Amino acid sequence: MIQPLISQDAVDETEEDNLELEDEEKVEEFDPSQSDLTSHLQRVVSRSYCICQPKVPQKMTHISALPVEIILYILRWVVSSELDLRSLEMCSSVCRGFYVCSRDSEIWRLVCVRVWGVNCGG
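If you count the sequence shown from 1, position 114 lands on 114 in full-length UniProt numbering, and the numbers rise without skipping.
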């Protein structure tokens with residue numbers, strides 16, 4: 001007998017979480033004809049005044065307490081010496097705020113400099 005990779009309880013929990021997010025956020029629908037995904041997510045994140053929200057109450061300080069500048073510094077460090085773009089993309093999949101931060105033009109300028117040795121921006 002083949003065992004499912006995800007239990008039905010996990011699926012039900014995910015569906016409940018998605019419903020909670022829809023109720024809490026009331027995010028406008030993304031329309032590709034109006035703007036690109038990054039611009040849309042930048043607007044959504046800027047309205048919330050926070051890069052991310054804890055899903056459950058935290059006993060310790062949550063990463064959302066950090067200023068965006070610190071998150072960007074951490075992401076620049078991720079790609080700095082080893083040019084680890086895979087890890088950068090994994091960070092971008094955490095939440096909308098991390099996705100927007102991982103698309104920062106300075107991070108990608110540094111990537112271009114490391115890959116091609118050319119400053120690819122203004």
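In this text, a Cβ means the ideal position worked out from N, Cα and C, and glycines have one as well.
For clarity, every value in this text was computed on a predicted model and none was experimentally measured.
Compare the C-alpha of residue i against each of the options and name the closest.
i, options, result
"Cys101", "Ala65, Ile70, Pro54 and His62", "Ile70"
"Val115", "Met90, Ser81 and Pro67", "Ser81"
"Tyr99", "Val68, Gly117 and His62", "Val68"
Assuming the contact rule is C-beta atoms closer than 8 Å, residue i and residue j should be a hit. Round their C-beta distance to whole Å, please.
i, j, result
"Val79", "Leu88", "5 Å"
"Ile107", "Leu75", "6 Å"
"Glu109", "Asn119", "Here residue 109 turns out to be Arg, not Glu, going by the sequence shown. So it is a contact: roughly 7 Å between Cβ atoms."
With burial defined as no fewer than 16 other Cβ atoms inside 10 Å of the residue's Cβ, what is the status of residue i: buried or exposed?
i, result
"Arg86", "exposed"
"Arg96", "buried"
"Glu16", "Bear in mind that the predicted position of Glu16 carries a pLDDT of just 47, short of 50, making it unreliable; the figure below should be weighed with that in mind. Exposed: under 16 other Cβ atoms inside 10 Å."
"Cys91", "buried"
"Glu22", "Annotation note: pLDDT 40 at Glu22 (below 50); position unreliable, no value reported."
"Glu24", "Per-residue confidence for Glu24 stands at a pLDDT of 46, beneath the threshold of 50, marking its modelled position as unreliable; no derived number is given."
So what's residue i in DSSP terms, helix, strand or just coil?
i, result
"Glu16", "For Glu16, the predicted structure reports a pLDDT of 47, less than 50, and the residue's modelled location is therefore unreliable. A value from the coordinates is still provided. Helix, per DSSP."
"Glu22", "Note that Glu22 scores a pLDDT of 40, beneath 50, so its modelled location is shaky; the value from the coordinates is reported in the next line. DSSP places Glu22 in helix when its eight states are reduced to three."
"Gly117", "coil"
"Ser93", "coil"
"Arg103", "coil"
"Cys52", "coil"
"Leu85", "helix"
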